[in-house]
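Going by our numbering, the letters in the sequence shown line up with residues 58 to 334, in that order.
Built from N, CA and C at the ideal position, the CB exists for glycine as well.
Computed from a predicted structure; not experimentally measured.
Single-structure report; data block below.
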Amino acid sequence: MKKNLMALWGLCVAAIITALVLTSATFAWFTANREVGTDRVTARAGSNELDLEVSQNGGEDFRAAANNEVPLKAQTAPLMPVSTADLKSFVYNSRTVDDFAEDFLPTQDESFYYHDTIYLRAKAEGMPSGTKVALYLDKTPIVEALEGELITAARLGLTFDEASPVIIALSDVNEGTGNTRPGGVAIGDGQVLSYNSGNVTAAKDPAISLTDVQISPNDTPGKQPIATLELNHIYAVDIFFYLEGCDPDCTSEKVAMDSAALTLAFYGMMVSEEAGL
Numbered sequence: 058m059k060k061n062l063m064a065l066w067g068l069c070v071a072a073i074i075t076a077l078v079l080t081s082a083t084f085a086w087f088t089a090n091r092e093v094g095t096d097r098v099t100a101r102a103g104s105n106e107l108d109l110e111v112s113q114n115g116g117e118d119f120r121a122a123a124n125n126e127v128p129l130k131a132q133t134a135p136l137m138p139v140s141t142a143d144l145k146s147f148v149y150n151s152r153t154v155d156d157f158a159e160d161f162l163p164t165q166d167e168s169f170y171y172h173d174t175i176y177l178r179a180k181a182e183g184m185p186s187g188t189k190v191a192l193y194l195d196k197t198p199i200v201e202a203l204e205g206e207l208i209t210a211a212r213l214g215l216t217f218d219e220a221s222p223v224i225i226a227l228s229d230v231n232e233g234t235g236n237t238r239p240g241g242v243a244i245g246d247g248q249v250l251s252y253n254s255g256n257v258t259a260a261k262d263p264a265i266s267l268t269d270v271q272i273s274p275n276d277t278p279g280k281q282p283i284a285t286l287e288l289n290h291i292y293a294v295d296i297f298f299y300l301e302g303c304d305p306d307c308t309s310e311k312v313a314m315d316s317a318a319l320t321l322a323f324y325g326m327m328v329s330e331e332a333g334l
């Protein structure tokens, strides 16, 4: 009887130790998060001769420049960790092995990340031939994490008329280690996952820094435009907001169960072809 009690006590101690290890571990590719709130898209121009107009539907639905903002659609599901290199194919972790994310599947819908489409038009008349508009993000808080540090692993993705994607890292903080190991092989620093023909492989993280593309009227030249727009052309702008599962900070300890508010502000400046754009 004494031996049975000792054995039972040993099992209880082992169970308690195991529970402590599990609850104190930090996991990436977690399975629960809060919803992200959305606000609006605004647009303004750096010249009186230019109107940077924004619309929800395109066509004749553009608003007067004085009230140039439209609401973003609401996000109906919590953000979950995904990975993408092109904003076309997103993958999620379907199974972990020894706390490593090894098996990945393509997402079947957009429930794990945020996606909306708005329309932009840079409107101006009588400009010299070759005049275009360099588009930046305004120095308005793009995403505000209401609790915790969600933005350290978040990405903002943009495409203009389905051109090459622009993916922006909203924070330069990288304090985690990650646990992404597709096919049992750990990815390197600065890599994300790409999906092609049924295969998930590591790819270079295309994200650029938010500070490189934000501008205000008093900034010196040298910022990187997120797009160069033709005058009087209507652009369909796809907006993505997601948690990059391969980001070193995408761990349950840092960003799981956090919430955030998304606001998008564009800033346009007229440039000529001679300016190199």
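- Query: For residue 232, which residues of its own chain have a beta-carbon under 7 Å away from its beta-carbon, when the five flanking residues on both sides are left out?
  - Reply: So the qualifying residues of the chain are 305, 306.
- Query: Do the stretch 282 to 294 and the stretch 144 to 162 make contact, defined as three or more Cβ pairs closer than 8 Å?
  - Reply: These segments do not touch.
- Residues near residue 128 in its chain [Cβ-Cβ closer than 7 Å; skip 5 each side]: Within the same chain, Cβ atoms closer than 7 Å to the Cβ of residue 128 are found at 97, the five residues on either side in sequence being excluded.
- Task: Out of 224, 284, 252, 254, point me to the one whose CA is closest to residue 264's CA.
- Result: Checking every option, the nearest Cα to that of residue 264 belongs to 224.
- Message: Given this structure, state the Cα-to-Cα distance separating residue 238 from residue 244, to the nearest angstrom.
- Response: Near 6 Å, if we compare the C-alpha coordinates of residue 244 and residue 238.
- Message: Looking only at its chain, what residues have a beta carbon closer than 8 Å to the beta carbon of residue 115, apart from the 5 residues adjacent to it on each side?
- Response: Hits under 8 Å: 176, 291, 293.
- Message: Since residue 337 and residue 126 should fall inside the 8 Å C-beta cutoff, what is the C-beta to C-beta distance between them, to a whole number of angstroms?
- Response: Given a span of 58 to 334 for the chain in the structure shown, any question on residue 337 remains unanswerable.
- Could you tell me whether any Cβ in chain D is nearer than 8 Å to the Cβ of residue 140? Here chain D cannot be found, since the structure has a single protein chain.
- Do you know how far the Cα of residue 310 is from the Cα of residue 121? The predicted model places residue 121 with a pLDDT of 49, which falls under 50 and marks its position as unreliable; any figure quoted below should be read in that light. The alpha-carbon atoms of residue 121 and residue 310 are separated by roughly 45 Å.
- Task: Identify every run of the beta strand (DSSP E) within the stretch 233 to 281, keeping only runs that are complete inside it and at least 3 residues long; order them along the chain.
- Result: For the stretch 233 to 281, the full-length beta strand (DSSP E) segments reaching 3 residues or more read 248 to 253, 256 to 261 along the chain.
- In terms of residue numbering, what span does the beta strand (DSSP E) encompassing residue 326 cover? Counting along the chain, the unbroken beta strand (DSSP E) around residue 326 starts and ends at 317 to 328.
- Is residue 209 helix, strand or coil when you go by DSSP? When DSSP states are grouped into helix, strand and coil, residue 209 belongs to the helix group.
- Item | Local Cβ density within 10 Å of residue 219, reported as buried at 16 or more and exposed below that | Exposed, since its Cβ has fewer than 16 Cβ neighbours within 10 Å.
- Message: Can you look up residue 172 in the DSSP assignment and give me helix, strand or coil?
- Response: For residue 172, the three-state secondary structure derived from DSSP is strand.
- Message: Tell me the DSSP secondary structure of residue 217 in three-state form.
- Response: Residue 217 falls in the strand class under three-state DSSP.
- Those residues which DSSP pairs with residue 112 across a bridge: The partner list for residue 112 (beta bridge, DSSP) reads 176.
- Can you tell me whether DSSP reads residue 229 as helix, strand or coil? Residue state, collapsed to three classes: coil.
- Task: Could you give the DSSP three-state label for residue 160: helix, strand or coil?
- Result: Residue 160 falls in the strand class under three-state DSSP.
- Unbroken beta strand (DSSP E) run spanning residue 295, endpoints: 291 to 301 is the span of the beta strand (DSSP E), which, as asked, contains residue 295.
- Message: For residue 216, tell me which candidate among 99, 144, 93, 228 has the shortest Cα-Cα distance.
- Response: Comparing Cα-Cα distances from residue 216 to each of 99, 144, 93, 228, the minimum goes to 144.
- Task: Output the distance between the C-alpha atoms of residue 315 and residue 148, rounded to the nearest integer angstrom.
- Result: Residue 315 and residue 148 have their C-alpha atoms spaced approximately 21 Å apart.
- Message: Just to confirm my understanding: we take residue 287, look at its own chain, exclude 5 residues before and 5 after, and list those with CB closer than 7 Å. What are they?
- Response: Within the same chain, residue 287 has close Cβ partners 189.
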